[in-house]
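First up is the structure itself, then whatever we jot down about it.
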Amino acid sequence: MLNDKSILITGGTGSFGKDFTKAILNKYNPKKIIIFSRDEFKQDLFKKELSVMFPNKIQKMRFFIGDVRDKERLYRAFDGVDYIIHAAAMKQVPTCEYNPFEAIKTNIHGAQNVIDAAIDKGVKKVVALSTDKAVNPINLYGGTKLVSDKLFISANAYAADKGTVFSVVRYGNVAGSRGSVIPFFKGLIDQGCTQLPITDFNMTRFWISLKEAVELVLKALDESKGGETYISKIPSFKVVDLAKAMLPECKCREVGIREGEKLNEVMVTKDDSRSTYEYEEHYIIYPNFEWWNKEKFFTLGGKYIKDGFEYNSGNNTQWLSIEDIKSEIDKL
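Here UniProt numbering is used: position 267 in the sequence shown is 267, and no number is missing along the way.
If you want it as structure tokens, here you go:
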């Protein structure tokens, strides 16, 4: 699928971008991979890392300094690109709350810039990364990602006969990724803490690894026809069980839910269930627009979800035990 193709990743030096790049270099023989991001230091570190891991393929790498807010730079970077993974975003909830205008510029205006440049440059497919926080958002980050998702879905209508296909992949916090709870707990444990803070003893989350996130994006690149939102079927876990898995003798202390934080993650709402189909390893939410029709855009093999279904980490049918969590952490 990606052999002899040009792939660009916005926010390519983040946790996902780095793992996705390595996966492509392992599985395919691309024409080139473009890392598009703002931080020259992270790009330099990543380039050195890839030079050691893939000495025979490092010549396929391109490193573009740029910001998705800068449409002119995107037009230059997208020239000759076949596939784009849009991973660039301001993601830290407190940072977005304190800097709302900056979050809007990156997460919303940046999304529109990516869409415009992709259509005008004849990019074949664009897959945008989303988050559970875009579902019934209660913080600014979630609000901006909700708008971003809708922009990418509706972009299929704007692409018209230009042929660019846009889809969205939605998942929650990736296990072990930068800024997530596992490295936070690990830092406290390394400092000798015997207590770990839990915002709420009833809090649950979905568990998805970077490998699984990469595989879902590859599926979207391969199968998408326009307008889909892909969601993996993954297990849930209790955050208090995660703490016990990482520090068996720990005493957990409840510190209260932070502003903008949810008790459970929701990937598919009851309202979305009317447009959701279940596949063997994932769900797809299809859009409900005049331009979308089942004959042209539907992926065969799906089973219609009953009205009122909600994919919620708190009512999931798959759960990780403490021992399961230990095993999964060992894989990270």
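C-beta atoms are modelled at their ideal positions from N, C-alpha and C, and glycine is treated no differently. All values reported here derive from a predicted model rather than from experimental measurement.
- For the stretch 144–156 against the stretch 117–130, are there 3 or more C-beta pairs whose distance is under 8 angstroms? Yes: at least three Cβ pairs fall under 8 angstroms.
- Could you give the DSSP three-state label for M61: helix, strand or coil? Reduced to three states, the DSSP call for M61 is strand.
- When the Cα atoms are used, what is the spatial distance from W291 to E228? Each residue's Cα considered, the two are about 13 angstroms apart.
- Task: Run through the stretch 72–100 for me and flag every whole beta strand (DSSP E) of 3 or more residues, listed as ranges in chain order.
- Result: 83–86
- Task: Could you tell me which of K31, V52 and K91 sits nearest to F16, measuring between CA atoms?
- Result: Considering only alpha carbons, the answer is K91.
- Task: In angstroms with no decimal places, state the Cα-to-Cα distance between A243 and K331.
- Result: 17 angstroms
- Spell out a yes or no on whether the stretch 98–105 and the stretch 169–189 are touching, meaning 3 or more CB-CB pairs, one atom from each, closer than 8 angstroms. Inter-segment contact for the stretch 98–105 and the stretch 169–189 is absent: fewer than three beta-carbon pairs are separated by less than 8 angstroms.
- Task: Measure the C-alpha to C-alpha separation of R73 and A220 and round it to an integer number of angstroms.
- Result: 26 angstroms
- Task: Please list, in chain order, all residues of the same chain as N156 whose beta carbon is under 6 angstroms from its beta carbon, the five residues on each side excluded.
- Result: F166, G226 and G227
- Message: Using a Cβ-based criterion (distance less than 7 angstroms to any ligand heavy atom), does V255 qualify as near the ligand NAP?
- Response: Absence of the ligand NAP from the depicted structure is noted, as is the absence of any ligand whatsoever, leaving it without description.
- Item | Other residues of its chain near K47: CB distance less than 7 angstroms, five sequence neighbours each side excluded | M61 and F63
- Tell me which same chain residues have a C-beta within less than 7 angstroms of the C-beta of V217, skipping the five on either side of it? F20, I85, V127 and V169
- Query: By how many angstroms is the C-alpha of I65 removed from the C-alpha of A111?
  - Reply: 17 angstroms
- According to the neighbour-count rule (16 or more other Cβ atoms, all chains shown, within 10 Å of its Cβ), is Q43 buried or exposed? Q43 is buried by the Cβ-count criterion.
- Of the listed residues A117, K125, V68 and Y75, nearest to I108 (C-alpha basis): V68
- Query: Under 8 angstroms, do D241 and I322 count as touching if we go by C-beta distance?
  - Reply: yes
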